[in-house]
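So in full-length UniProt numbering the end of the sequence shown lands on 76, straight run, no missing numbers.
Heads up: the structure comes next, in structure tokens.
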Amino acid sequence: AINMLMKFGDVETAQRIFRSIKVKDIISYNAMMKGYVGNEMFEKALDLFEQIHLSLTNVTYTIVFNACAKLCNDRA
1 AINMLMKFGD
11 VETAQRIFRS
21 IKVKDIISYN
31 AMMKGYVGNE
41 MFEKALDLFE
51 QIHLSLTNVT
61 YTIVFNACAK
71 LCNDRA
């Protein structure tokens, strides 16, 4: 659901669903971060990345690298 909502630009509803998930897994985090990147919200993607306390996957790193590449500032 998060992925679909983000693809349609409904970030607010995707965020609400994400917040309602009691036990978030890396797939949920990846979907949110990818959605933020897709909606050009690169800082939000990096903010969320900093909150992850799970084992990261190659997908996670790819999403974060994409956010950094598009952000092009000192934080990246």
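For glycine and all other residues, C-beta sits at the position ideal for the given N, C-alpha and C.
(message) Quick check on DSSP: helix, strand or coil for V23?
(response) In the sequence shown, the residue the question calls residue 23 occupies position 23. Residue state, collapsed to three classes: coil.
(message) Let me check understanding here. Comparing Cα to Cα, which of E12, I17 and G38 lies closest to A1?
(response) Translated into the one-based positions of the sequence shown, residue 1 becomes position 1. Comparing Cα-Cα distances from A1 to each of E12, I17 and G38, the minimum goes to I17.
(request) Would you decide whether T13 is buried or exposed? Buried here means 16 or more other CB atoms lie within 10 Å of its CB. (result) Stepping through the sequence shown from its first residue, residue 13 is reached at position 13. The residue in question, T13, is exposed, as its Cβ has fewer than 16 Cβ neighbours within 10 Å.
(message) So for D47, helix, strand or coil by DSSP?
(response) One-based indexing of the sequence shown puts residue 47 at position 47. If DSSP states are grouped into helix, strand and coil, D47 belongs with the helices.
(request) Report buried or exposed for V23, applying the criterion of at least 16 other Cβ atoms within 10 angstroms of its Cβ. (result) Numbered from its first residue, the sequence shown carries residue 23 at position 23. Under this definition V23 is an exposed residue.
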